[in-house]
Structure formats: structure tokens, C-alpha cells
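Visitor:
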Amino acid sequence: MSANALCRAELDLEQNGELADMVAAMNMSRTTPPNGFRSGAPRSTGGQKARLSDRKMSLQERGSRLPRHPTIETKRVSITGIDDCVQLNQYKLKKEIGKGSYGVVKLAYNEDSEQYYAMKVVSKKKLLKQCGFLRRPSSTGLNSNLFPKNMQPLERVYREIAILKKLDHHNVVKLVEVLDDPDEDGLHMAFELMTK
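Residues in the sequence shown are numbered consecutively from 0, following numbering that gives the first Met the number 0.
#1: Using 8 Å for Cβ pairs, my map puts residue 122 next to residue 185. What's the rounded Cβ distance?
#2: Out of curiosity, what's the CA-to-CA distance linking residue 152 and residue 195?
#3: Tell me the residue span of the beta strand (DSSP E) that contains residue 95.
#4: Return helix, strand or coil for residue 86, following the three-state DSSP convention.
#5: Go ahead and pull the three-state DSSP assignment for residue 101.
#6: In angstroms with no decimal places, state the Cα-to-Cα distance between residue 70 and residue 131.
#7: If you reduce the DSSP assignment to three classes, tell me which class residue 165 lands in.
#8: I'd like to check one pair, residue 124 with residue 101: are the Cβ atoms closer than 8 Å?
#9: Should residue 115 and residue 189 be called a contact, given that it needs their Cβ atoms to be closer than 8 Å?
#10: Use the C-beta contact count for residue 172: other C-beta atoms within 10 angstroms, 16 or more gives buried, fewer gives exposed.
#11: Under 8 Å between the Cβ atoms of residue 163 and residue 174?
#12: Does the Cβ-Cβ distance between residue 87 and residue 78 come in under 8 Å?
#13: Looking only at its own chain, which residues have a Cβ that is under 8 Å from the Cβ of residue 85, when we skip the five neighbours before and after it?
#14: Measure the C-alpha to C-alpha separation of residue 158 and residue 82 and round it to an integer number of angstroms.
#15: Helix, strand or coil for residue 110, going by three-state DSSP, please let me know.
#16: Is any heavy atom in the ligand ATP found nearer than 7 Å to the beta carbon of residue 83?
#17: Between 170, 182 and 165, which has its C-alpha nearest residue 176's C-alpha?
#18: When you compare only the Cα positions, how much space is there between residue 119 and residue 187?
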């Protein structure tokens, strides 16, 4: 036998030995119980394997939030003015807690669930007006009315709603309900209320 052939045979033997060791380890892991000890094996305290309960849990694993409930979509909105607040279906809109370019965020009390929410109120007309969609088209030609790259403002809001409905992450506020009556100017979004 030549030196090359002998070297190749030893290499094949080593690789087969490593392969056999890996297969044996996989077979043993199937018979090893979750605590890491096989029956009949002595339990030593020095070289003990880390158990699942010993490891640190990630923020997602130990989060206290409940699984996401589907976002409620309401197409019929009943608005009534009562004393110092506005009644919007089951929500009582109280004081303003935030303000943006296209609307306001109000503290809302849900009488059914007896919980507080942050209600984002967006004026559809104001949104379209500020983005120039209620103005006359400019005389620069037909291309000025087409927005191949840019979406219309209401489409952006509806896309935001679609994304928020799918999200379930501890760093993102949950969208609880969308109240969008086609006959009303306001688009209302109820979010979970976060404390400072």
C-alpha cells in the first residue's frame, strides 16, 4: 500500500469515527430525559448540564402581556355630546392627551370593559386638505394628479391600520378597535393606554 493510500484510509477512518460519535450522541439525546440525566447514571453536582429553568428568559418569553386579540372594526359610529365629553359608541372621550398634524389623541373610557384607552381621532377632510387633495389640479398636466410612488394620505392611514392589526410586540402599542363610519369625517382608532 502506498503512503497516499494509507493516509487516505486513516483519514476515512477518522471521519467515520467522528460520524459514528455524532450519530451516537444524537441517539443518546433521544433517550435522555429533559432533566439531562439518563436513568442509572450517577448524578454529579459538579458537571451538571444547564437546565431550561436555570437560563435567563428573554423579554418576549417573560412578557406579562396577553396574546393579541383581533382588532375590532366598527363601520357604524354613534356620536353624542354629553356634558363635558363626547360619547362615541361605548367610548366616552375625555381630555386631550396628545396632538398631531392630522388629528388629536384623547383619553377614552370604554364603558363595556371599564378600561381606559388612547383614542386617535383623525379628520379625513383635514388630512386630504393638508396634503393638497381637495385643491384644484394644477395646470402642469395629467402627471401631477398621478402618484405612482406616493400613496394618497387616506391610503397611508389605512395601511398603517393594516400593519398595526398584524403587529404583536411588547414595544408596539396594541390597536384595539377601529371606528370608521363612511358617513362621518372622523376616523377613530382605540389604542391600549400606556402610562409614563
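By construction, the Cβ of each residue, glycine as well, lies at the ideal position given by its N, Cα and C atoms.
Guide: Judging by the given coordinates:
#1: 6 Å
#2: 30 Å
#3: 90-98
#4: strand
#5: coil
#6: 31 Å
#7: helix
#8: no
#9: no
#10: exposed
#11: yes
#12: yes
#13: 78, 79, 91 and 92
#14: 35 Å
#15: coil
#16: As far as ligands go, the structure on display features none, and thus does not contain the ligand ATP.
#17: 165
#18: 6 Å
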